[in-house]
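Visitor: Take 210 as the starting number for the sequence shown in our numbering and just add one per residue.
Note that CB positions come from ideal geometry on N, CA and C, so glycine has one too.
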Amino acid sequence: WKSEEGRCAFVKNYGMEWEQVELFTNHDGGVQSCFAGVFLVKKVSAVQSLSIVALDALRVDAAPEGFPAKALAADDPILWEVEESLGCVLEPGIVIEAEWCELENELCFISLLKSV
210 WKSEEGRCAF VKNYGMEWEQ VELFTNHDGG VQSCFAGVFL VKKVSAVQSL
260 SIVALDALRV DAAPEGFPAK ALAADDPILW EVEESLGCVL EPGIVIEAEW
310 CELENELCFI SLLKSV
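(1) P277: which of K221, Q241, F318, V250 sits nearest, CA to CA?
(2) Curious, which full-length beta strand (DSSP E) runs of at least 3 residues does the segment 270-302 contain?
(3) With a threshold of 16 other CB atoms inside 10 Å of the CB of S212, please say whether the residue is buried or exposed.
(4) Any idea if G296 is buried or exposed, counting beta-carbon neighbours within 10 angstroms, 16 or more meaning buried?
(5) Flag this pair as yes or no: are the beta carbons of V262 and V250 separated by less than 8 Å?
(6) Are there 16 or more other CB atoms within 10 angstroms of the CB of E274, so buried, or fewer, so exposed?
(7) With distances taken from CA atoms, which of A266, C243, D285, E214 is nearest L312?
(8) Let me check one thing: in DSSP terms, what residues is V247 bridge-paired to?
(9) With DSSP as the reference, label E213 as helix, strand or coil.
(10) With a threshold of 16 other CB atoms inside 10 Å of the CB of C217, please say whether the residue is buried or exposed.
(11) Leaving out five residues on either side along the sequence, give the residues of the same chain with a beta carbon under 8 Å from the beta carbon of S260.
(12) Alpha carbon to alpha carbon, how far is W309 from A272?
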């Protein structure tokens with residue numbers, strides 16, 4: 210995303226203006242930890258062009274390598290930040306198995322989706 214071509218491709222593929230991406234991500238910080246497991250969607254909240262998804266851990270697996278592992282146990286909550294177009298198809302009760310990274314702002318993203 211360091212080139213104009215990359216930014217234009219992002220805008221074309223995701224329908225979000227690059228200025229919005231910069232606004233939403235300028236306080237994310239770096240990856241502080243990683244974890245893996247199965248999580249239950251509890252609540253989805255729309256925030257501007259994004260959605261914040263609250264999930265609870267159903268099963269915690271070994272964390273992927275590369276960053277410190279986050280200490281999690283069953284029923285621990287996490288917050289997942291997604292684009293609004295994905296957030297609008299998520300609903301409470303959906304179960305997601307994935308590997309995750311948590312940013313310094315404590316929001317998470319999926320690094321490897323295993324199943325939904």
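Guide: A quick look at the data gives this:
(1) Q241
(2) 286-292
(3) exposed
(4) buried
(5) yes
(6) exposed
(7) C243
(8) R268, E306
(9) helix
(10) exposed
(11) V253, S254, E290, V291, E292, E293, L295, G296, C297, L299
(12) 8 Å
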